[in-house]
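Okay, so here's the structure we're looking at.
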Amino acid sequence: MSVPSEPQTVEHIGEDRDYVGAKLGMWIFVFTELILFGGLFVAYGMYRSMHAHDFHKASGELNITIGVINTLVLLTSSLTMVLSIVAIRLQRKRQSMAFLACTMLLGMVFLVNKIFEWSAKIHHGIYPGSEHLMARPPGERLFFGLYFGMTGLHGLHVTIGVGVMSVMLVFLARDKIRHNDFIKLENTGLYWHLVDVIWIFLLPLFYLAA
Amino acid sequence: MSQSMQPKAESPHIVGYATFVRVWIALVVLTGLLVGLSVTHRPNLALLGLLVITPTKASLVLFFFMHLKYESTALKYMVTAAIAVLIIFIGLTFSDYLFR
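Protein chains in written order, with the working numbering: chain A, 1 to 210; chain B, 211 to 310.
This is the structure we're talking about:
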């Protein structure tokens, strides 16, 4: 690859970037996230083996359709994310921005679905600490506690991801992310795919457990 | 100096759109299979889905979307080590519960 042709303005002098290091740092962050969610998955596994029947019964109350739709939404958003990176590397800036905007949109669709899903549960009196829930067997209380806790933490990650992507969209527009300097976008992608991987495990554990 | 910000020769080559679209199709098909197995109401099949299909889906995302397939051996070892630590945690916790 040739040296970039843009003028070396004052702000570029002394600027040094470490592509491999930047990516390695992001992967290490990904590992901490794996351990964070891993702990919650262990908690889920333990309580499920102690209260198999209650978990089975409570899981039947979740809406499989919404769970599967959200899975497809996130899988597709992962695709548009990775296509955005390919596009910028091929110097197709507008295409890259369009793919990134699609990813953000799909992330928001996921969150809207989540809001509908949670609202329905809360409307039925199912939320942590509710009278209705506290009157039910301990296993069902644990299931819904884990459900709100884990999908909530995941939803927080989706929200942060959409926020980070909006910054990346501005960077793309201002040529701060270019075909020869795309590590910010690539690291955003790593984060977004991690969010996708976590959901891949949440789907069978919560929605399909019945 | 600006050379250092260039992706190095050993850094990932550009994978075309088509590869990723194929991976996405595979992920959607596997999701369909997973849901199909879970509604058969046969616990063994559902468990198979959980233990085989779900990790396969995660691996597809890891290897292609997260680009691990094209990364250095060192990074691959790091990811393997991180996942191994997680599996050891899970294994130890469950063995503690089962043989208590």
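Beta carbons: idealized from backbone N, C-alpha and C, even for Gly.
Being a predicted model, the structure only gives us computed values, none of them experimental.
Can you pull the chain A residues whose beta carbon is under 9 Å from the beta carbon of residue i, in chain order?
| i | result |
| --- | --- |
| residue 248(B) | 64, 204, 207, 208, 209 and 210 |
| residue 300(B) | 38, 41, 42 and 45 |
Go through its chain and collect everything with a Cβ distance to residue i's Cβ below 7 Å, but skip five positions before and after it.
| i | result |
| --- | --- |
| residue 166(A) | 104 |
| residue 2(A) | Any answer about residue 2(A) is weak, because its pLDDT of 48 lies below 50 and its placement is not dependable; what the coordinates show is given next. So no residue of the chain qualifies. |
What does a CB cutoff of less than 8 Å around residue i pick up in its chain, not counting 5 residues either side in sequence?
| i | result |
| --- | --- |
| residue 133(A) | 125, 126, 127, 140, 141 and 144 |
| residue 243(B) | 259 and 263 |
| residue 209(A) | 48, 55, 56 and 59 |
Over the uninterrupted alpha helix (DSSP H) stretch that includes residue i, give me the two end residues.
| i | result |
| --- | --- |
| residue 138(A) | 138 to 173 |
| residue 184(A) | 183 to 202 |
| residue 56(A) | 52 to 59 |
| residue 178(A) | Run containing residue 178(A): none; DSSP gives neither H nor E here. |
| residue 228(B) | 227 to 248 |
| residue 253(B) | 253 to 258 |
| residue 96(A) | 93 to 123 |
Given that residue i touches chain B, what residues does it touch there, using C-beta distances under 8 Å?
| i | result |
| --- | --- |
| residue 196(A) | 271 and 275 |
For residue i, collect the residues of the same chain with a Cβ closer than 6 Å to its Cβ; drop the 5 residues on either side in sequence, then sort them by chain order.
| i | result |
| --- | --- |
| residue 84(A) | 96, 99 and 100 |
| residue 16(A) | none |
| residue 207(A) | 62, 64 and 67 |
| residue 122(A) | none |
Please identify the residue among the options whose C-alpha is closest to the C-alpha of residue i.
| i | options | result |
| --- | --- | --- |
| residue 77(A) | 205(A), 191(A), 202(A) and 118(A) | 191(A) |
| residue 231(B) | 173(A), 79(A) and 73(A) | 79(A) |
| residue 188(A) | 203(A), 164(A) and 205(A) | 164(A) |
Using a Cβ cut-off of 7 Å, pull out every chain B residue sitting near residue i, in sequence order please.
| i | result |
| --- | --- |
| residue 78(A) | 271 and 275 |
Given that residue i touches chain A, what residues does it touch there, using C-beta distances under 8 Å?
| i | result |
| --- | --- |
| residue 267(B) | 200 |
| residue 238(B) | 72 and 75 |
| residue 245(B) | 64, 68 and 208 |
Check the Cβ of residue i against every Cβ in chain B and list those closer than 9 Å, keeping chain order.
| i | result |
| --- | --- |
| residue 35(A) | 292, 295, 296 and 299 |
| residue 53(A) | The contacting residues do not exist; residue 53(A) stays about 13 Å from chain B at best. |
| residue 49(A) | 304, 307 and 308 |
Tell me whether residue i, by its Cβ, gets closer than 7 Å to a heavy atom of the ligand FMN.
| i | result |
| --- | --- |
| residue 104(A) | No copy of the ligand FMN occurs in the structure displayed, which carries no ligand at all. |
request  = Take every Cβ of the stretch 254 to 266 of chain B, pair it with every Cβ of the stretch 287 to 300 of chain B, and state whether three or more of those distances are shorter than 8 Å.
outcome  = Proximity of the stretch 254 to 266 of chain B to the stretch 287 to 300 of chain B falls short of the contact definition, fewer than three beta-carbon pairs being nearer than 8 Å.
ask   = Is the stretch 152 to 165 of chain A in contact with the stretch 60 to 73 of chain A, if contact means three or more CB pairs nearer than 8 Å?
value = At 8 Å Cβ cutoff, the stretches do not touch.
inquiry  = Under 8 Å, with one C-beta from each stretch per pair, do the stretch 190 to 198 of chain A and the stretch 262 to 274 of chain B reach the 3-pair mark?
reply    = The stretch 190 to 198 of chain A, when compared against the stretch 262 to 274 of chain B, does touch it at the 8 Å Cβ threshold.
task = Take every Cβ of the stretch 45 to 58 of chain A, pair it with every Cβ of the stretch 167 to 175 of chain A, and state whether three or more of those distances are shorter than 8 Å.
result = They do not touch, by the three-pair rule.
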